[in-house]
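In the working numbering, the protein residues as written are 18 to 364.
The C-beta atom is built at its ideal place from N, Cα and C for all residues, glycine as well.
These figures come from a predicted structure and were not determined experimentally.
Here's the structure we're looking at; comments come further down.
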């Protein structure tokens with residue numbers, strides 16, 4: 018049963034709010050609060066509120082919108098525990114990222130947390146872990162071609178593979194085709210040991226890993242053997258027409274414009290395409306324009322094509338990864354600002 022809540026507004030020299038939540042099942046509270054209340058401490062830091070617990074009550078104080086977000090998060094985590102699910106550190110981080118998703122940029126209502134999209138696979142539901150992921154999953158369901166752009170760790174490829182597996186298992190496509198540039202700077206494979214498969218497999222490993230997360234290993238092997246799932250370097254796409262397939266091009270920032278056009282024009286009847294990449298990690302030779310950037314400049318706004326852009330707050334790996342990405346972006350922006358000054362190096 019959902020815990021009853023009691024709220025009161027406390028007077029202060031600045032606008033503020035205080036809310037007290039009361040939970041009915043004391044046995045769940047150690048799991049909700051975490052060892053030494055570490056979950057509450059993390060929620061305080063992430064949501065910029067003050068929390069204190071006594072018995073089966075949690076008092077929250079701070080700015081009204083922050084308090085409302087913290088109330089929503091705690092109730093959401095408690096509901097997880099009531100349904101028999103756990104609350105891990107990753108769940109707490111996800112809840113912090115998702116706290117404001119029910120409001121748009123202008124504060125307008127959006128999707129309530131209970132109605133967020135989920136991709137259903139036979140290994141369970143894959144749900145969004147950031148606002149950007151929620152928007153991306155909606156786009157994957159609506160559009161036949163989607164570009165996903167953003168830093169590492171935002172789930173661009175993982176969620177695309179999840180959608181592909183769900184559509185394959187649901188009979189909506191006949192096969193999955195996963196591709197990426199085999200070697201980031203030119204696809205020179207000759208010096209590597211082994212046959213062609215052994216040469217390219219290390220570069221395709223992230224795609225295999227995502228597949229194994231979505232379905233049992235023996236099923237992945239069987240479907241690879243029957244051709245229902247194909248993992249191949251980009252060069253193998255030339256001259257083909259891909260019909261009734263879910264096709265993913267990963268690391269697309271390392272394609273050339275010619276390669277990108279070749280790939281996009283492989284699309285046949287009943288096919289979905291997802292193109293993922295990070296424009297801050299282009300490994301092409303100096304002076305070579307990225308096919309991903311060229312495609313975005315050419316195709317953004319074309320009917321039927323969706324573009325999903327991820328930011329630092331959508332990084333769902335270790336929290337330090339988000340701070341690393343942010344630090345690099347700040348340095349790059351500082352260099353651009355210096356170059357743009359009248360007496361800067363850009364003149």
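By DSSP's assignment, residue 247 forms a beta bridge with 194.
A distance of 8 Å or more separates the beta carbons of residue 163 and residue 247. In this structure residue 266 is in contact with residue 197, their Cβ atoms being roughly 7 Å apart against a cut-off of 8 Å.
Counting every other CB atom within 10 Å of its CB across the protein chains shown gives residue 47 a total below 16, marking it as exposed. Contact between the stretch 55-65 and the stretch 36-44 is absent: fewer than three C-beta pairs spanning the two stretches fall below 8 Å.
For residue 269, there is no enclosing beta strand (DSSP E), as DSSP marks it with neither H nor E.
Nearest neighbour of residue 230 by Cα position, chosen from 183, 242, 305 and 260, turns out to be 183.
Look at residue 299 here: in three-state DSSP terms it is coil, with no helix or strand label. A distance below 6 Å between beta-carbons, with the five flanking residues on each side excluded, links residue 185 to the following residues of its chain, in chain order: 193. The DSSP-derived three-state label of residue 334 is coil. Looking at 107, 52, 70 and 101, the one whose alpha-carbon comes closest to that of residue 63 is 107.
In this structure, residue 294 places its C-beta atom within 8 Å of the C-beta atom of residue 309. Following the DSSP letters along the chain, one finds residue 293 inside the beta strand (DSSP E) bounded by residues 289-294. Note: residue 136 is bridge-paired with 143 in the DSSP secondary-structure output.
Contact between residue 90 and residue 113 is confirmed by a C-beta separation of about 7 Å, below the 8 Å threshold. Excluding its 5 nearest sequence neighbours in each direction, residue 49 has C-beta neighbours in its own chain below 8 Å: 40, 56, 91, 94, 95, 98 and 104, listed in chain order. In this structure the stretch 147-154 does not lie against the stretch 266-279, because fewer than three pairs of beta carbons, one per stretch, are closer than 8 Å.
In the same chain as residue 291, and ignoring 5 residues on each side of it, the C-beta atoms closer than 6 Å to its own belong to 163, 177 and 265, in chain order. The DSSP-derived three-state label of residue 319 is coil.
Counted as a single uninterrupted DSSP element, the beta strand (DSSP E) harbouring residue 36 occupies residues 34-39. For residue 271, the number of other beta carbons within 10 angstroms of its own is at least 16, and it is reported as buried.
Taking residue 306 as the centre and dropping the five residues before and after it, the same chain places the C-beta of 274 closer than 7 Å to its C-beta, in chain order.
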